[in-house]
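Under the working numbering, think of the first position of the sequence shown as 530, with each following residue one higher.
Every residue gets a Cβ at the ideal spot worked out from N, C-alpha and C, and that includes glycine.
Worksheet for the structure shown next.
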Amino acid sequence: MLAAVCRRWAENTCRVHYPQVTSRILATSGLALKKLVGSICALATPFLGDALDLDAFARLIDYQLDGGTQALVVAGSTGEAHALDNAEFDRLLAFAVERVRGRVPVLAGTGTANTHKTIAATRRAQKLGADAALVVTPYYVRPTQEGLRQHFLAVADEGGLPIVLYNVPSRTGCDLLPETVAKLATHERMAGIKEARGETERVAALVELKNPHFSILSGDDPTCVRAMLAGAEGVISVAANVAPAGLRGVCDAALGGDAQQAQARDARLVDLYTLTGVEPNPIPVKWCLHELGLGAADPRLPLLPLSTVHHAKARGVLHALKLSVVQAPHSSAA
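Okay, structure coming up:
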C-alpha cells in the first residue's frame with residue numbers, strides 16, 4: 530500500500546524555477562497547508578480500457594510539475610470523479626500523493642449530494658494523504674443557503690481536512706452566494722473557494738472575504754486573468770492539463786501586478802480555453818492529452834470522445850501553442 534505522509538511545504542519546491550508567491554500557513558489537525566495560490570490543475574483521469582492508466586497519470590503529473598503547476602486536484606469533475614468507484618478513487622489519490630512526494634499540495638475531490646457521504650469521502654482522502662478536499666456544492670438536490678452553510682461546516686468539522694468550497698451552478702443547480710461564503714470563510718478549516726462564476730460583481734464580492742488562510746480561486750479559465758487582476762489569488766484550471774507552463778505564466782504575471790503581461794499571456798491561450806468548451810468537460814481536454822501522449826482520448830460513458838468535426842481545430846490549437854508529444858521516461862505504476 531502506498532504510504533500517506535505529512536509534508537512540510539516550505540522545504541519543498543517544484544522542479545522548475547519560477548518566482549514563488551508568498552503564502553501563509555493554514556494549520557489543521559497537525560497538517561500544514563500553504564495558502565493555495567497560483568496555477569492549480571484539475572487533473573484529467575486517464576483510462577486504459579476499463580481500468581485506470583496509472584502510467585499515463587504519472588506522466589501527466591510529471592508534466593504538470595515540470596510546467597510549474599502549484600497544486601493538483603485529483604478526482605474532481607475534470608477527473609470524472611463520478612465515473613470512479615471507491616477502489617479506483619483510493620488508488621488514484623494514493624498514487625498521486627506518492628508521485629508528488631510533497632512538492633505541491635494534492636487536493637481530492639470529495640463532494641457529493643449528501644453530507645454524510647461527503648464526510649466519509651473526505652475522511653478517506655485524509656487517510657490516503659491528501660492535503661485538502663475540494664468540495665462541490667451538493668448537486669441535483671438544490672439545498673437552501675442555510676443548508677449549504679450547515680453542509681460545509683459539517684464537512685469541515687468532521688472530514689479531517691482543510692476544505693476548498695466549489696461553486697459551479699451550471700453543473701449543480703445551486704449557487705453558493707457570497708453572503709453564505711462570508712459565514713464560512715473564517716472557519717479554521719476553510720482553505721478557500723473555487724468560484725466558477727466569472728462575473729465582475731461576484732468576484733468583487735468574494736475578494737472582500739479573503740483572509741490569511743482563505744483563498745479566492747477562479748474556476749473559469751476564460752475569465753481567470755480578470756479575476757486575478759481584481760484580487761483573486763489563482764485559478765483551478767482545466768486548460769492547465771494541456772498547457773501548464775502557459776497557465777503558470779499567466780498567474781505569475783497577474784499575481785505580480787503586471788496586467789499588460791498577464792493579458793498578453795492570457796491572449797495566447799484563448800483558443801485553448803474555447804476548445805475546452807466545445808463539448809462537455811473533460812471531453813476536449815482528454816483528446817488534447819491523447820495528442821500529447823498523455824493517455825487515451827476516451828472518457829467513460831455517458832461521455833464520448835471528441836467529435837471528429839473538432840479534431841482539425843484542436844490540432845491547430847496545439848500547434849499554435851508549440852505543444853507536442855510529451856517525452857518522459859516510462860514510469861512503473863504497479
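Cβ neighbour criterion (16 or more within 10 Å) applied to Ala661: buried
Cβ-Cβ separation, Leu594 to Val633 (assumed contact under 8 Å), whole Å: 7 Å
Classification of Asp750 by the beta-carbon crowding that lies within 10 angstroms, buried from 16 upward: buried
Gly597 versus Pro672: straight-line alpha-carbon distance, rounded: 37 Å
Opening and closing residue of the beta strand (DSSP E) in which Tyr695 lies: 692-696
Outcome for Ser568 when other beta-carbon atoms lying within 10 angstroms are tallied against a minimum of 16: buried
Closest by C-alpha distance to Pro773, when choosing among Thr701, Ala571, Lys563: Ala571
Nearest-angstrom beta carbon gap, Ala768 and Leu801 [assumed within contact, 8 Å]: 5 Å
Endpoints, the beta strand (DSSP E) within which Cys570 is located: 567-571
Identified DSSP bridge partners for Ile745: Ile722
Selected residue, minimal CA-CA separation from Leu581, among Val602, Ala561, Gly605, Phe624: Phe624
Cβ pair Ala654, Leu677 closer than 8 Å: no
Thr805 - DSSP class collapsed to helix/strand/coil: coil
Burial state of Pro698, where buried means 16 or more other Cβ atoms lie within 10 Å: exposed
Beta bridge counterpart(s) of Gly638 as assigned by DSSP: Leu663
Close beta carbons around Ala783, own chain, < 6 Å, minus the five adjacent residues each side: Val754, Met757, Leu758, Ala791
Residue range of the unbroken beta strand (DSSP E) whose run includes Val603: 600-603
Pairwise C-alpha distance: Pro707 and Phe743: 13 Å
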